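Participant: One structure coming up, written as structure tokens, with questions to follow.
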Amino acid sequence: MKLAILISNAGTGTNLQAIIDAIESGELNAEICAVISDKTESLGLERARKHNLKIEICPKKEELKSLLDKLNPDYICLAGWKQIILDEVILAYPNRILNLHPGLIPDSIDASSDTSVKNPDETDALWNKGMLTDKAIQNFLEENCTYAGSSIHFLTLNFDFGPVLGRTFEAIKKGDSVASLYERLKKKENELYVEVLKKLAVSQQE
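The sequence shown begins at 7 in the working numbering and counts up one residue at a time.
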């Protein structure tokens, strides 16, 4: 299973590192055909260089499709990527672009109380549609939620919605800040990404 990992200078590359570690340990049967960044100074590129991975720089969103077409990955993993993914890319790679969203994406586009995701304590989970990470984590706190959570889903033309591949939850503690809550949630996100990819690798072999 060939993976293209898309990063940016917006993150630290922990999901990339989790995937690298899983591959090198033999836990994940996959290879990274390239790490693609929109900027040359991304922290994740330091991780890629340390592991001698192929690096590509894609400063313009209009150039992404041609680059991916040359790499021909089985799956494209968004891991801190901040460029808008054009519709032409989504249509060219249906159910092959994985995105990590800082919220609990429902299985139905109708996010009513009857269709929303439930937290482990059966309270309604927040979708956080349209929110980036810091705002999403802040929203969990402002809404006095009992749990924060994230989802990995296939990217579709429906914004922040698509087939959900996995979800993870983290209990919110009294006195949590955005930083303290996200530090714990991020570790679970790293684990979730690897678990989702392991399932995809197995299904590809079947």
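Built from N, CA and C at the ideal position, the CB exists for glycine as well. Quick caveat: nothing in here was measured; it's all calculated off a predicted structure.
Closest to Ala131 by CA distance: which of Gln211, Asn21, Lys8, Asn150 is it?
Facilitator: The option with the nearest alpha carbon to Ala131 is Asn150.
Participant: Near Leu191, which residues of its chain fall below 6 Å by C-beta distance, leaving aside the five closest residues on each side in sequence?
Facilitator: The residues are Ala154, Glu176.
Participant: How do the segment 7 to 23 and the segment 44 to 52 stand: do at least 3 beta-carbon pairs fall below 8 Å, yes or no?
Facilitator: A contact exists between the segment 7 to 23 and the segment 44 to 52.
Participant: Per DSSP, which one or two residues make a beta bridge with His159?
Facilitator: In the DSSP output, where bridge partners are listed per residue, His159 has Asn105, Val170.
Participant: Across which residues does DSSP place Ala28 in a beta bridge pair?
Facilitator: None; Ala28 has no bridge partner.
Participant: Which residues does DSSP pair with Glu176 in a beta bridge?
Facilitator: Glu176 is bridged to Ala154.
Participant: For the candidate residues Asn78, His107, Glu148, whose alpha-carbon lies nearest to that of Trp133?
Facilitator: Looking at the Cα atoms, His107 is the closest of the given residues.
Participant: Under three-state DSSP, which class holds Val95?
Facilitator: If DSSP states are grouped into helix, strand and coil, Val95 belongs with the helices.
Participant: Suppose the cutoff is 7 Å on Cβ atoms and the five residues either side in sequence are ignored; what does the same chain contact list for Glu62 look like?
Facilitator: Excluding positions up to five away in sequence, the list reads Ala40, Ile42, Leu73.
Participant: Between Asn35 and the rest of its own chain, which residues show a CB-CB distance below 7 Å, the 5 nearest in sequence each way excluded?
Facilitator: Excluding positions up to five away in sequence, the list reads Met7, Ala207.
Participant: Consult DSSP for Lys66 and reduce its assignment to one of helix, strand or coil.
Facilitator: Coil at Lys66, not helix or strand.
Participant: In whole angstroms, give me the CA-to-CA distance for Asn101 and Leu110.
Facilitator: Distance between the alpha carbons of Asn101 and Leu110 is about 19 Å.
Participant: Please state whether the Cβ-Cβ distance between Leu12 and Leu84 is less than 8 Å.
Facilitator: For Leu12 and Leu84, yes; Cβs fall inside 8 Å.
Participant: What residue does the alpha helix (DSSP H) around Ala10 start on, and which one ends it?
Facilitator: First-last for Ala10: 8 to 13, but that is the beta strand (DSSP E), not the alpha helix (DSSP H).
Participant: Distance check for Met137 and Cys57, CA to CA, integer angstroms please.
Facilitator: Residue identity differs from the one stated: residue 57 is His in this sequence, not Cys. Approximately 32 Å, taken between the alpha carbons.
Participant: Applying the 10 Å Cβ sphere with the 16-neighbour rule, what's the burial state of Leu92?
Facilitator: By the neighbour-count rule (16 or more Cβ atoms within 10 Å), Leu92 is not buried but exposed.
Participant: Which one or two residues does DSSP pair with Ala40 in a beta bridge?
Facilitator: In the DSSP output, where bridge partners are listed per residue, Ala40 has Ala10.
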